[in-house]
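Reviewing the structure listed below.
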Ligand code: UTP
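In our numbering, the protein residues as written are 0 to 278.
As structure tokens, then:
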């Protein structure tokens, strides 16, 4: 049973400057909720209630968000504004939150390794909260992946087809198709130029990882951009054993940049906010 979900949230968020100068990217609101709250909701819906967050300097707002604000609670007690806090209260009641700090931003692989003391020796999920994933008519993406994990018991990355000209923004896989939506990974390249990409199947910000990944990351040299890349560690894990890539059902918005963020805002406004499902 997977119970833990790790949120690496220590990055600088340079694509969204100046908004992210003093505020964590993960706290950017999509309509009325910060990105990280959507991610934690998706995790809890998948049965993952032990939330571990890797933070960094200037990220304290994340901890404050997942805590009770007594002054505020007192202020709105008994008014119709209490409804706005129903969703976040559910998360506080049903989840536990633990934090650790990444002191040097050495890449996503390094951020995941920094979370090891919070995860221990068990399989876990990873959510990059700036990838907002929705599937209004069915299971959330993490729920889909946990179901797959229970069947296959190995690391799984979520993938989607992207414009072949945009492979240099993603980790890209090649693999043997074992079901119409599942590949067994045979190759994985971080941010390849379009001409070097093994396919247009790009890894997005949802992973299930088995705990042997920690030792593999420890032995992974810094790769593209001088950062320790989870893609490189996963490639090693695929060589040693098995990594699956799963074409998820639903939609993903890259909220780390303005275009995806605006699309996500419009989507959530139309599909959740207007129908009163946004708290
Ligand atoms: P990104 O590649 O989106 O980097 O990281 P970033 O710094 O957040 O944003 P840009 O590209 O500068 O705009 C992917 C995820 O990995 C986390 C980020 O917080 C984000 O969730 N991350 C990245 C870390 O936690 N630590 C790192 O050293 C790097």
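Heads up, the beta-carbon is just placed ideally off N, CA and C, and yes, glycines get one too.
Continuous beta strand (DSSP E) stretch holding residue 175: start and end: 170-178 is the span of the beta strand (DSSP E), which, as asked, contains residue 175.
Outcome for residue 146 when other beta-carbon atoms lying within 10 angstroms are tallied against a minimum of 16: That one is exposed.
Closer than 6 Å: residue 13 CB and nearest the ligand ATP heavy atom: The ligand ATP is not part of this structure, which contains only the ligand UTP.
Contact test: residue 257 Cβ vs the ligand UTP heavy atom, cutoff 6 Å: For residue 257, the shortest C-beta to heavy atom distance toward the ligand UTP is 6 Å or greater.
Best match in 231, 6 and 171 for proximity to residue 129 [C-alpha to C-alpha]: Per the Cα distances, 6.
Chain-order list of residues whose beta-carbon lies under 7 Å from that of residue 55 (same chain, five-residue window excluded): If we look at residue 55 and ignore the five residues flanking it on each side, its Cβ neighbours are 9, 100, 101 and 104.
Any 3 or more C-beta pairs closer than 8 Å across the stretch 116-125 and the stretch 215-228: Inter-segment contact for the stretch 116-125 and the stretch 215-228 is absent: fewer than three beta-carbon pairs are separated by less than 8 Å.
Whether residue 33 touches residue 26 by CB criterion (7 Å): Against a cut-off of 7 Å, the Cβ pair of residue 26 and residue 33 comes out as a contact.
Residue 17 Cβ short of 6 Å to the ligand UTP heavy atom set: No, the beta carbon of residue 17 sits no closer than 6 Å to any heavy atom of the ligand UTP.
Outcome for residue 144 when other beta-carbon atoms lying within 10 angstroms are tallied against a minimum of 16: Residue 144 comes out buried.
Span of the beta strand (DSSP E), counted from its first residue to its last, around residue 1: Here residue 1 belongs to no beta strand (DSSP E), and DSSP marks it neither H nor E.
Classification of residue 234 by the beta-carbon crowding that lies within 10 angstroms, buried from 16 upward: Buried, because 16 or more other Cβ atoms sit within 10 Å of the Cβ of residue 234.
Sub-7 Å separation of residue 156 and residue 263 beta-carbons: No, the pair does not count as a contact, with Cβ atoms beyond the cut-off.
In chain order, each alpha helix (DSSP H) run of at least 4 residues that lies wholly inside the stretch 103-132: Counting only runs of 4 or more, we get 107-113 and 115-118.
Cβ distance (whole Å) where residue 47 is taken to contact residue 4 below 8 Å: Rounded, the Cβ-Cβ distance is 4 Å, consistent with contact.
For residue 185, the three-state DSSP class (helix, strand or coil): Taken through DSSP and simplified to helix, strand or coil, residue 185 comes out as strand.
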